[in-house]
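Peer 1: To start, I am sharing the structure in question, which I have written as structure tokens.
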Amino acid sequence: MTKKILVLDGHPARESFCGALASAYAEAAKKKGHDVRVLRLADLTFDPDFGTGSFKSIKPLEADLETFWSDLEWCNHFVVAHPLWWGGLPAKLKGLIDRVLLPGKAFKYVPGKAVPAKLMTGRTSEVLVTADTPGWIFRFIYGLAIKKQMKLQILEFCGLKMKNYAWFAPIHQSTDTARAKMLGKAARLGAAV
106 MTKKILVLDG HPARESFCGA LASAYAEAAK KKGHDVRVLR LADLTFDPDF GTGSFKSIKP
166 LEADLETFWS DLEWCNHFVV AHPLWWGGLP AKLKGLIDRV LLPGKAFKYV PGKAVPAKLM
226 TGRTSEVLVT ADTPGWIFRF IYGLAIKKQM KLQILEFCGL KMKNYAWFAP IHQSTDTARA
286 KMLGKAARLG AAV
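What follows is the structure, encoded as structure tokens:
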């Protein structure tokens with residue numbers, strides 16, 4: 106079955122290994138016949154500051170945020186590739202999430218319910234993460250913190266069921282051979298959608 110796939114390169118720099126992984130994933134998915142759109146966080150212009158933290162006075166979305174939201178509504182599989190920075194998301198990527206995944210769009214508060222209704226159900230998601238942290242430290246010392254946040258508090262909170270969470274590490278001082286293997290893994294994930 107052909108899927109509509111949105112791949113977000115969530116690295117704030119124009120040239121990054123995250124971008125290479127996102128491209129490898131997207132190209133492999135295209136070769137399998139899927140309809141793929143790629144957005145690069147570095148190319149999006151918007152104010153990442155949500156503001157006062159109130160959903161009562163949400164600032165209007167800039168054109169690039171409207172495009173991202175439109176592409177997110179269009180897709181039935183959303184892939185985000187991002188680096189792990191200080192145990193979390195880069196600020197600009199977090200700002201994109203804060204500004205776009207809004208009540209009435211991505212989720213809806215329901216009177217008398219502790220958990221909001223998910224408005225993006227019927228879609229799947231996948232996360233590709235680059236890090237310098239070895240996988241065993243991420244798993245056993247840090248407790249998979251960013252994975253839990255992405256899965257439970259962002260993607261699945263809105264209804265984007267997470268199919269896969271792929272860890273690419275360590276990046277720092279990795280060899281060309283190691284990076285080629287990582288790119289191959291990203292391509293296999295894109296081909297397997």
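Sequential numbering of the sequence shown, starting at 106, is according to the numbering used here.
Think of the CB as a built atom: it goes at the ideal place given N, C-alpha and C, for glycine as much as any other residue.
Would you decide whether PHE245 is buried or exposed? Buried here means 16 or more other CB atoms lie within 10 Å of its CB.
Peer 2: Locating residue 245 in the sequence shown gives position 140, counting from the first residue. Result: exposed.
Peer 1: Using 8 Å as the Cβ pair cut-off and three pairs as the minimum, do the stretch 108 to 127 and the stretch 279 to 293 touch?
Peer 2: Counting Cβ pairs under 8 Å, three or more are found: they touch.
Peer 1: Consult DSSP for ILE110 and reduce its assignment to one of helix, strand or coil.
Peer 2: Locating residue 110 in the sequence shown gives position 5, where the first residue counts as 1. In this structure, ILE110 counts as strand in the three-state DSSP scheme.
Peer 1: What residue ranges within the stretch 187 to 229 form continuous alpha helix (DSSP H) runs of no fewer than 4 residues, ordered along the chain?
Peer 2: Listed in chain order, they are 196 to 205.
Peer 1: If you run the structure through DSSP and keep just helix, strand and coil, what is HIS160?
Peer 2: Translated into positions along the sequence shown, residue 160 becomes position 55. Looking at the sequence provided, one finds Phe at residue 160 rather than His. Note: PHE160 maps to coil in three-state DSSP.
Peer 1: In terms of alpha-carbon separation, which member of TYR270, ARG293 and ALA250 lies closest to TRP190?
Peer 2: Looking up residue 190 in the sequence shown gives position 85. TRP190 has its Cα closest to that of ALA250, out of TYR270, ARG293 and ALA250.
Peer 1: Measuring CB to CB, does HIS182 end up less than 8 Å from LEU146?
Peer 2: Locating residue 182 in the sequence shown gives position 77, where the first residue counts as 1. Locating residue 146 in the sequence shown gives position 41, where the first residue counts as 1. Result no, Cβ atoms of HIS182 and LEU146 do not sit closer than 8 Å.
Peer 1: Check whether the Cβ atoms of GLY138 and THR107 sit closer than 8 Å, and answer yes or no.
Peer 2: Locating residue 138 in the sequence shown gives position 33, counting from the first residue. Locating residue 107 in the sequence shown gives position 2, counting from the first residue. It is a contact, given that the beta carbons lie within the stated cut-off.
Peer 1: Where do the ends of the alpha helix (DSSP H) carrying LYS48 lie?
Peer 2: Residue coverage of the chain in this structure runs from 106 to 298, which leaves residue 48 outside it and unanswerable.
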